[in-house]
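Colleague: For reference, the structure I am asking about is given below.
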Amino acid sequence: MSPQAAGLLQLTALMAALALAYRPLGDHMATVYSSEKHYTPEKWIYKAIGADPAAEMRWPAYLRGVLAFSAVSVLFLYLLQRIQGSLPGSLGFSSIDPDQAFNTAASFVANTNWQSYYGEQAMGHVVQTGGLAVQNFLSAAVGMAVAVALVRGFARSRTGELGNFWTDLVRGTVRILLPISVIGALVLVACGAIQNFSGIHQVGQFMGGTQEWNGGAVASQEAIKELGTNGGGYFNANSAHPFENPNPLSNLFEIFLILLIPFALTRTFGRMTGSLRQGYAILGAMAVIWIGFTALMMWTEFAHRGPAFEIAGGAMEGKETRFGIAGSSIFAVATTLTSTGAVNSFHSSYTGFGGGITMLGMQLGEIAPGGVGSGLYGMLIMAVIAVFIAGLMVGRTPEYLGKKIGTRQIKLAACYLLVTPALVLGFTAVAMALPTPADSMTNSGAHGFSEILYAYTSGANNNGSAFAGLNADTPWFNTTIGIAMLLGRFVPMVFVLALAGSLAEQKPVPETAGTLRTDKPLYAGLLVGTILIITGLTYFPALALGPLAEGLAS
């Protein structure tokens, strides 16, 4: 079987698995977030944190809950790293430096999981399991809670109440993320991933010296890392490491975990708003972009010509032979079109156009299907923009799901869209203008510029992957990328929740013959076009200086 045919078979199997899980998981999540029943362990949690699970919140209160919880999480994770040297199970590692501890705390709480350190050489068992793995659950649950609040904004009328943040947070963790992660960890262990708390030990000779590895609770962290679209690896090589991702089967399963909840949330959206067809329209737009990017990436990596590439079967630099071109390409697109950031190959080694595809996937806003929660609310913001554009074209007041899209709504949506590009392009410009950050680049020219642009694109979009050619463990990059991650995560949430509150207060608008049908393929096509045009106009000049220039020159 040719590598291309094997890649097509993997993609077909992945799509079939996602299709089988779509309906039951989507319906389950809709039930979880709509149920009035509280399980006993959940009641214990509410009592411990002093929350009233039955109290409804308007959007300012909901936002305060999100920000307060996340601020406490950043502080806790920062302090845990700073005292690591005094903790049991630290494996002899010292405490983390202040700038790197801030960067890591901001990264994991913001669901970014950007890592400017070697996990196996810096973090002990307590920080890995009690700090980083815990935030993998909680940051994902926060994103899902915000998405559900926006869905309620569309579903409810004549009320500003969006539910209860603490209830949504706890249920998302206990009823959705935790059970699936347990199953996922067992599957990964069966595939060969490790799960232990062993110390550092020698594994044999390597290039004239001894090589040392430490064990860890890798399979359990790997499961929630992918399921929660987090991405931070236990080891520096991330999902390219055989302890995390042993074989092609585990590789395909990890991709499945990455895409599982973001795609299924469109079913949850349709179920909670009372129109499954609306959810299918959003799913269709996501699927078209994801399949298109995957096909383009595989074509780019397989078609790169030259004797060396032909002998290797394609552009194999930076890729694991056990995954090949196809498995690496599918993984790269999945991880950059979501906010996962896990890597099983190194994007800096991709062809010029291939590296550009990974970057563009993040710059779309990671909405196809996007991160856990963040993908859905990002796509719904784009849906609001698309409806507004369609309304301008036909001279009618734009409406979406029976809600008028007026001046307030479109301003909030526009502000949401402007935050991330401002962070990415602003920080990239400053870094290129200053002399010190450029010293961290291991390449010059277009590829060197791509390293900087990729780093801030990844940070501000809460992805966390890296081009792997940039030394980001400096005070400048630790601080600025940390700030970009926090602002890129929580400022957009302000506009999402404000939009949700304004929609929930409206009364439904009756559907007429002139109402734009947003559950039809025509609208889904308009939505895809809107996404591509907005992203192209925003980022094309920067992409032209980096990956496009490199691709055309090769």
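Residue numbering for the sequence shown is -21 to -1, 1 to 533, as defined by mature numbering (1 follows the signal peptide of the UniProt record, and there is no 0). Beta carbons: idealized from backbone N, C-alpha and C, even for Gly.
(1) What are the start and end residues of the alpha helix (DSSP H) that includes Ala274?
(2) Using the three-state DSSP reduction, which class does Trp145 fall into: helix, strand or coil?
(3) Mapping the DSSP letters down to three states, classify Asn217 as helix, strand or coil.
(4) Tell me whether Phe310, by its Cβ, gets closer than 7 Å to a heavy atom of the ligand FMN.
(5) One question on the structure: do Ala294 and Thr330 come within less than 8 Å of each other, judged by their Cβ atoms?
(6) Measure how close the beta-carbons of Ile261 and Phe248 come, nearest whole angstrom, since I'm counting them as under 8 Å.
(7) Do Thr337 and His326 have their C-beta atoms closer together than 8 Å?
(8) Does the beta-carbon of Pro489 have 16 or more other beta-carbons within 10 angstroms, so that it is buried, or is it exposed?
(9) Alpha carbon to alpha carbon, what distance is there between Ser95 and Gln79?
(10) Starting from the Cα of Thr453, find the closest Cα among Ala(-1), Gln485, Pro416, Gln174 and give me that residue.
(11) Secondary structure at Tyr63, three-state DSSP: helix, strand or coil?
(12) Kindly indicate the opening and closing residues of the alpha helix (DSSP H) around Val121.
(13) Report the residue ranges of all alpha helix (DSSP H) runs contained in full by the region 295 to 344; include only those spanning at least 4 residues, in chain order.
(14) Starting from Phe248 and walking both ways along the alpha helix (DSSP H), at which residues does that stretch end?
(15) Can you tell me the Cβ-Cβ gap for Thr314 and Ile237, rounded? I've got them flagged as a contact below 8 Å.
(16) Just list the residues that DSSP pairs Arg2 with in beta bridges.
(17) Nearest to Leu391 by alpha carbon, out of Val473, Asn457, Ala523, Ala(-6)?
(18) On the three-state DSSP scale, how would you describe His180?
(19) Can you name the residues that DSSP bridges to Glu378?
(20) For the alpha helix (DSSP H) holding Met372, just list the boundary residues, first then last.
(21) Which of the three DSSP states is assigned to Asn193 in this structure?
(22) Quick check on the burial criterion: 16 or more other C-beta atoms within 10 angstroms. Buried or exposed for Leu359?
(23) Where does Met464 fall in DSSP's three states?
(24) Taking the alpha helix (DSSP H) that Glu21 belongs to, which residues open and close that run?
(25) Check each candidate in Ile155, Ala311, Leu355 and name the one with the smallest Cα separation from Thr279.
(26) Assuming contact is defined by CB atoms lying nearer than 8 Å, are Phe141 and Gly207 in contact in what I supplied?
(27) With burial defined as no fewer than 16 other Cβ atoms inside 10 Å of the residue's Cβ, what is the status of Arg246: buried or exposed?
(28) Which term fits Tyr57, buried or exposed, when burial requires 16 or more other beta carbons within 10 angstroms of its beta carbon?
(29) Leaving out five residues on either side along the sequence, give the residues of the same chain with a beta carbon under 6 Å from the beta carbon of Leu255.
(30) Let me check understanding here. Comparing Cα to Cα, which of Arg468, Glu201, Ile179 lies closest to Gln100?
(31) Take the Cβ of Met372 as the centre, count every other Cβ of all protein chains shown within 10 Å, and call the residue buried at 16 or more, exposed below.
(32) Can you tell me the Cβ-Cβ gap for Asn442 and Met361, rounded? I've got them flagged as a contact below 8 Å.
(33) CB Gly352 to CB Ser444, shorter than 8 Å?
(34) Would you decide whether Trp145 is buried or exposed? Buried here means 16 or more other CB atoms lie within 10 Å of its CB.
(35) Look up Glu15 in the DSSP assignment and say whether it is helix, strand or coil.
(36) Would the beta-carbon of Leu524 fall within 8 Å of that of Leu355?
Modeller: According to the structure data:
(1) Residue 274 sits at position 295 when you count from the first residue of the sequence shown. Taken as a continuous stretch (DSSP letters only), the alpha helix (DSSP H) holding Ala274 covers 255 to 282.
(2) Start at 1 with the first residue of the sequence shown, and residue 145 comes out as number 166. Helix at Trp145.
(3) Start at 1 with the first residue of the sequence shown, and residue 217 comes out as number 238. Asn217: helix per DSSP, three-state reduction.
(4) Among the ligands in the structure shown, none appear at all, so the ligand FMN cannot be discussed.
(5) Position 315 of the sequence shown, counted from the first residue, corresponds to residue 294. Position 351 of the sequence shown, counted from the first residue, corresponds to residue 330. Contact flag set, yes.
(6) For the purposes of this step, residue 261 is taken as the residue at position 282 of the sequence shown. For the purposes of this step, residue 248 is taken as the residue at position 269 of the sequence shown. About 6 Å; that satisfies the 8 Å criterion.
(7) What you label residue 337 is simply residue 358 of the sequence shown in a count that begins at 1. What you label residue 326 is simply residue 347 of the sequence shown in a count that begins at 1. Yes; because the gap between Cβ atoms is below 8 Å, this pair is in contact.
(8) The residue you call residue 489 lines up with position 510 of the sequence shown. Per the 10 Å Cβ criterion, exposed.
(9) Within the sequence shown, the letter at position 100 stands for residue 79. Within the sequence shown, the letter at position 116 stands for residue 95. Distance between the alpha carbons of Gln79 and Ser95 is about 7 Å.
(10) The residue labelled residue 453 in the question sits at position 474 within the sequence shown. The residue with the shortest Cα to Cα distance from Thr453 is Pro416.
(11) Numbered from 1 along the sequence shown, position 84 holds the residue referred to as residue 63. The question names Tyr, but residue 63 is Gln in the sequence shown. It is helical.
(12) On the sequence shown, position 142 is the one that residue 121 refers to. Note, Val121: alpha helix (DSSP H), 112 to 134.
(13) Taken in chain order, the unbroken stretches of alpha helix (DSSP H) that lie wholly in the region 295 to 344 and span 4 residues or more are 303 to 316, 331 to 342.
(14) The sequence position of residue 248 within the sequence shown is 269, counting from 1. Note, Phe248: alpha helix (DSSP H), 227 to 252.
(15) Walking along the sequence shown from the start, residue 314 turns up at place 335. Walking along the sequence shown from the start, residue 237 turns up at place 258. About 6 Å separates the CB atoms of Thr314 and Ile237; that is less than 8 Å, so the two are in contact.
(16) Stepping through the sequence shown from its first residue, residue 2 is reached at position 23. Paired residues: none, contrary to the question.
(17) Within the sequence shown, residue 391 is the residue found at index 412, counting from 1. The candidate whose alpha carbon is nearest that of Leu391 is Val473.
(18) Working through the sequence shown from its first residue, we reach residue 180 at position 201. Strand, per DSSP.
(19) For the purposes of this step, residue 378 is taken as the residue at position 399 of the sequence shown. Answer by DSSP bridge pairing, in chain order: Lys383.
(20) As a first step, residue 372 is located in the sequence shown; it is residue number 393 there, counting from the start. It spans 353 to 373 - the alpha helix (DSSP H) in which Met372 sits, taken as one unbroken run.
(21) Numbered from its first residue, the sequence shown carries residue 193 at position 214. Of the three classes helix, strand and coil, the one that applies to Asn193 here is strand, per DSSP.
(22) By one-based count along the sequence shown, residue 359 stands at place 380. The residue is buried, with at least 16 neighbouring Cβ atoms inside 10 Å.
(23) Here residue 464 refers to the residue found at position 485 of the sequence shown. If DSSP states are grouped into helix, strand and coil, Met464 belongs with the helices.
(24) One-based indexing of the sequence shown puts residue 21 at position 42. Its alpha helix (DSSP H) spans residues 19 to 28.
(25) Taking the sequence shown and counting its residues from 1, the one referred to as residue 279 is at position 300. For Thr279, the nearest C-alpha among the options comes from Ala311.
(26) On the sequence shown, position 162 is the one that residue 141 refers to. On the sequence shown, position 228 is the one that residue 207 refers to. In the sequence as displayed, the identity of residue 141 is Leu instead of Phe. For Leu141 and Gly207, no; Cβs fall outside 8 Å.
(27) What you label residue 246 is simply residue 267 of the sequence shown in a count that begins at 1. Arg246 comes out buried.
(28) Working through the sequence shown from its first residue, we reach residue 57 at position 78. Flag for Tyr57 reads buried.
(29) Against the sequence shown, residue 255 aligns to sequence position 276. So the list reads Gly249, once near-sequence residues are dropped.
(30) Here residue 100 refers to the residue found at position 121 of the sequence shown. Relative to Gln100, the option among Arg468, Glu201, Ile179 whose CA is nearest is Ile179.
(31) For the purposes of this step, residue 372 is identified with residue 393 of the sequence shown, where counting begins at 1. Its Cβ having fewer than 16 others within 10 Å, Met372 is exposed.
(32) Mapped onto the sequence shown, residue 442 falls at position 463. Mapped onto the sequence shown, residue 361 falls at position 382. The pair is not a contact, with the Cβ atoms about 18 Å apart (cut-off 8 Å).
(33) As a position in the sequence shown, residue 352 is number 373, starting the count at 1. As a position in the sequence shown, residue 444 is number 465, starting the count at 1. Contact flag unset, no.
(34) Here residue 145 refers to the residue found at position 166 of the sequence shown. Answer is buried; the Cβ neighbour count reaches 16.
(35) Residue 15 sits at position 36 when you count from the first residue of the sequence shown. DSSP places Glu15 in coil when its eight states are reduced to three.
(36) Residue mapping note: residue 524 aligns to position 545 of the sequence shown, counting from 1. Residue mapping note: residue 355 aligns to position 376 of the sequence shown, counting from 1. No, they are not a contact pair.
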